[in-house]
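See structure below.
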């Protein structure tokens with residue numbers, strides 16, 4: 164069950180990254196969604212859950228060390244969302260959305276690579 168869930172997460176992350184690569188303006192819609200109210204914390208919850216799934220699945224994965232590393236990375240990034248001030252995070256999102264289109268496309272490719280890596284090592 165954990166393997167299927169982890170692979171599904173990998174596919175979801177890869178699809179999100181490829182969407183950003185193909186349509187960089189999509190990131191503005193995502194950021195606008197998370198800037199409102201307490202929605203920013205949903206990103207922290209999602210990242211923390213992904214980290215927990217990867218850590219729980221690590222013993223069954225093809226490359227346990229990589230799965231644990233990715234799990235810890237996602238878990239820590241989720242915790243950081245809750246540890247930081249919401250206004251600072253919103254300012255970071257605003258600055259991030261001002262990046263040139265080429266940079267946003269490259270970041271989309273990086274996200275897609277993370278998704279493919281999650282899918283491959285689980």
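Numbering (my numbering), first residue to last: 164 to 285.
Backbone N, C-alpha and C fix where the C-beta goes; we use that ideal spot for every residue, glycine too.
The structure presented is a predicted model; accordingly, all values stated were derived computationally and were not measured.
Going by DSSP, what residue range makes up the alpha helix (DSSP H) through residue 210? 203-220
Does the distance from the C-beta atom of residue 183 to that of residue 189 stay below 8 Å? yes
Are the stretch 169-176 and the stretch 252-267 touching by the rule of at least three beta carbon pairs closer than 8 Å? no
Cβ-Cβ distance between residue 210 and residue 176 below 8 Å: no
Let me check you understand the geometry: is the CB of residue 189 closer than 7 Å to at least one non-hydrogen atom of the ligand NAD? The ligand NAD is absent from the structure shown, which contains no ligand whatsoever.
Grab me the residues of residue 197's own chain with a C-beta within less than 8 Å of its C-beta, minus the 5 sequence neighbours each way, in chain order. Within the same chain, 203, 205, 206, 256 come within 8 Å of residue 197 by CB-CB distance, once the 5 residues on both sides are set aside.
Residues near residue 173 in its chain [Cβ-Cβ closer than 6 Å; skip 5 each side]: For residue 173, same chain residues with a beta-carbon under 6 Å away, outside a window of 5 residues either side, are 278, 281, 282 in chain order.
So, is residue 216 buried or exposed, given that buried needs 16 or more other C-beta atoms within 10 angstroms? buried
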